[in-house]
Structure formats: C-alpha cells, structure tokens
Amino acid sequence: MRAAAQDAAWPTPPDAGEKGSPENPIKLGSNWTVGFLPAYSIGEIAKAHGWNIEVIDFASSSQRATALAQGSLDAAMLGWAASIKLAADGFPAVVIANSFSNGYAIIAGKDTGIKSVEDLKGKTVAITIGSMNEIHLLSQLERAAIAKEYVDIVQMNLSDMSLALARGDIDVMVSDEPASSVALTSGFGVLVKHPNDTDMGGINANVTTTRDFIENSEPAVQALVTAFVEAADHLKANPDTVLEQAKEIFKRDEDVVKLALQNISMDYQINPTQVRALIDWQMKLNQIKSEPDISTLITTQYLEAASE
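For what it's worth, UniProt numbering labels the leading residue of the sequence shown as 1, then goes sequentially.
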C-alpha cells in the first residue's frame with residue numbers, strides 16, 4: 001500500500017489511554033460490502049501515524065445506527081437515509097465523509113418491452129418500502145410526470161426481486177448491486193436506467209459520527225477521516241484490488257462483478273445539494289417527521305484538512 005497522507009494532514013498521535021491509542025481505539029462500525037471497502041484498510045494506514053482504529057462488523061445499517069446511538073461506536077458507515085433519520089429524531093449525528101455513491105438500477109424483464117420510465121404506466125414495479133429504492137422510483141416517476149397511482153407498486157425485499165423478475169411475477173425491479181448486474185448478465189433483465197439524474201444524484205452512504213465525539217475527541221475524528229481518504233484514494237488508484245475484493249464479497253462471476261463496479265462510485269466528498277434533496281423526499285414520504293438542520297448534520301472541515 002502506498003504511503004499515507006502527508007504528515008500535515010495527521011494530528012499528533014494520542015497519549016496512552018486517550019482516544020485512538022492502542023488501549024482506547026477509535027471504534028468504527030461497518031459491513032463487508034463494496035462501498036465500505038476503504039474502512040478495511042484504514043487501520044493499517046492510521047497505525048503508521050500512531051493512531052489505532054478498530055473496525056467492527058454489523059449485519060445491517062440499523063444495527064450500526066443503534067450501536068452509534070448507544071455509544072458503543074465512535075463512528076459508523078451508514079446509509080444517508082439512516083443518518084438523516086438519526087438527526088431528525090434528535091440524535092446529534094454528524095456526517096464527516098461520504099463513502100460511496102450510485103449502486104441502484106431500474107431493471108425490466110426482458111420480454112416486457114419496457115425501455116424508459118415513461119413505459120412504467122400500468123406495470124408492476126417492485127420496491128422495498130421505506131428504502132432508497134422507493135425514493136428513487138418515486139423521484140423518477142415525478143421527473144417523468146407520472147402519478148404513482150398509474151403504476152402497480154409492490155413491496156418486496158431486495159433479496160426476492162431477482163427471482164420474481166426472472167419468473168415474470170413482476171415487470172420491473174428497482175434493485176441494488178450485484179442483483180442488478182446478475183439480471184443483466186443472465187439475460188432475464190434489461191437496464192431501464194440508473195436513477196442518478198435527479199437532484200439527489202446517486203447519494204447512498206457515508207461515515208457518521210456524533211457531536212459529542214467531535215467535541216471530546218476532535219483529533220481522533222481528523223485521524224479517522226484522513227485515514228479514510230487515504231484508503232479510498234488507494235483503492236481508486238488500484239482497480240484490480242477492488243475487483244478481487246468485490247469478487248470475494250459478491251461471490252459472483254467476474255463479468256457480474258465488473259458490471260456491478262461500474263455502477264458503484266467511491267467518493268468521500270459530501271454533496272449538500274443531494275443531501276437536501278434526499279431530506280425533502282424523506283419528508284414527503286413521512287420517513288422522517290421533521291427536517292434536521294443540514295448545517296449541523298454535515299461538516300466538510302475534516303475532509304478539507306485531510307486534503308491539505
């Protein structure tokens with residue numbers, strides 16, 4: 001792995017017992033998935049600069065969010081919708097870096113004749129209620145000036161969509177990776193579009209911490225972000241490494257994995273416009289009851305320092 005960021009981007013290493021020391025590591029909740037790959041090399045990078053980060057795996061974003069809220073984590077890899085909900089519920093969540101963008105696709109059955117969003121009228125479309133794929137579908141329908149009442153929207157878990165599409169039980173699925181790429185490479189699905197052309201863009205996931213952690217351990221926050229930036233930059237510069245790790249994660253053939261990676265973008269920069277647009281949709285769908293203050297929800301100062 002290449003050398004870590006310039007020393008100027010790194011705070012002074014902690015003393016014994018302080019946050020970030022061997023006996024008191026920074027605890028980051030994550031999940032072994034492609035968009036979170038940088039999390040799994042930050043420990044090595046940070047250690048070279050006198051900092052210690054422990055990555056703890058959780059099966060779901062909700063579990064990571066709960067652990068963060070309960071104080072057993074210092075930061076967590078979360079979906080943007082989960083971070084926004086934490087803040088809307090009054091928890092002092094602060095997003096300190098983006099993690100990855102994109103990853104969703106609208107896939108139609110091969111024999112449906114569907115080629116565009118405008119063709120969804122009267123068709124059966126599977127989504128997971130309350131998730132990002134619901135928001136993506138409804139925002140695409142709005143963009144195409146199609147009332148949702150003209151589409152037969154059905155609830156379905158992401159894991160069940162591919163089989164339903166292959167059998168013809170549904171006409172369309174709004175899915176994630178690698179399921180979308182499996183449908184395309186297997187021949188039972190055709191790409192309608194990647195739903196990244198609204199104000200939300202491809203907003204997906206991030207690194208979230210708490211206001212208390214920032215106030216009490218700001219050098220550790222900077223060390224975490226600097227390590228994350230270094231790890232992400234290294235992976236972007238080494239696509240073969242990403243491919244091999246993605247094959248391990250997805251457990252799919254290389255053609256599936258390569259196609260899926262084309263729909264996933266590792267990007268640590270935060271886009272406030274996209275965050276604002278996602279908040280508006282969560283409010284519209286009653287996924288949150290109040291709007292969080294975006295000025296306290298996100299901060300870019302640690303990313304800016306990591307890039308100096």
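In this text, a Cβ means the ideal position worked out from N, Cα and C, and glycines have one as well.
Between which two residues does the alpha helix (DSSP H) containing GLY79 stretch? No alpha helix (DSSP H) holds GLY79; the beta strand (DSSP E) holding it covers 75-79.
Around the Cβ of LYS115, are there at least 16 other Cβ atoms within 10 angstroms (buried) or fewer (exposed)? exposed
Is the beta carbon of ALA75 closer than 7 angstroms to that of VAL225? no
Considering just the uninterrupted stretch of the beta strand (DSSP E) at LYS27, what are its terminal residues? 26-30
Using only CA atoms, which one of ASN263, VAL125, GLY35 and ALA82 lies nearest to VAL275? ALA82
Selected residue, minimal CA-CA separation from ALA88, among ILE294, SER290 and ILE298: SER290
Assigned exposure category for PRO14 - 16 Cβ within 10 Å defines buried: buried
Taking the alpha helix (DSSP H) that GLU244 belongs to, which residues open and close that run? 239-250
Where GLY189 falls, given that 16 or more other Cβ within 10 Å makes a residue buried: buried
Could you have a look at SER162 and say whether DSSP puts it in helix, strand or coil? helix
Would you mind working out which of SER60, ILE135, LEU259 and ASP152 sits nearest ASP119, comparing C-alpha positions? ASP152
Spatial neighbours of SER30 within its chain, please: CB distance less than 8 angstroms, with the 5 preceding and 5 following residues excluded, ordered by chain position. PHE36, ALA39, TYR40, VAL55, ILE56, ASP57, PHE58, ARG64, ALA76 and MET77
Note down the Cα distance separating ILE84 from PHE250, rounded to an integer number of angstroms. 28 angstroms
My guess is that THR241 and ASP171 are in contact by the Cβ rule of under 8 angstroms, so how many angstroms apart are they, rounded? Actually they do not touch by this definition, with Cβ atoms about 38 angstroms apart.
Less than 6 angstroms between C-beta atoms, sequence neighbours within five positions excluded: which residues of the same chain meet that for ALA277? ASP199 and MET200
How far does the beta strand (DSSP E) with VAL117 in it reach, from first residue to last? First-last for VAL117: undefined, no H or E at that position.
How would you write the range of the beta strand (DSSP E) that GLU100 sits in, first residue to last? For clarity, residue 100 is Phe in the given sequence; the question names Glu instead. Looking at the DSSP string, the run of the beta strand (DSSP E) that includes PHE100 is 93-102.
Endpoints, the beta strand (DSSP E) within which GLU18 is located: Note, GLU18: premise wrong, no beta strand (DSSP E); not H, not E.
Where residue 312 and ALA305 are concerned, what is the direct C-alpha to C-alpha distance, given to the nearest angstrom? Here the chain covers residues 1 to 308 and nothing more, so residue 312 does not appear.
What residues match up with GLU54 in a beta bridge as DSSP calls it? LYS27
Can you tell me the Cβ-Cβ gap for PHE213 and VAL221, rounded? I've got them flagged as a contact below 8 angstroms. 6 angstroms
Can you tell which of MET283, GLY17, LYS27 and GLN269 has the C-alpha that lies nearest to the C-alpha of GLU230? GLN269
Pair every Cβ in the segment 133-145 with every Cβ in the segment 280-297, then say whether three or more of these pairs are closer than 8 angstroms. yes
By Cβ distance below 6 angstroms, which residues in the same chain neighbour PRO178 in space, the five residues on each side in sequence not counted? PHE250, ARG252, VAL256 and ALA260
Is the Cβ-Cβ distance between ALA183 and ILE107 less than 7 angstroms? yes
Distance between ASN133 and ALA16 (C-alpha atoms, nearest Å): 45 angstroms
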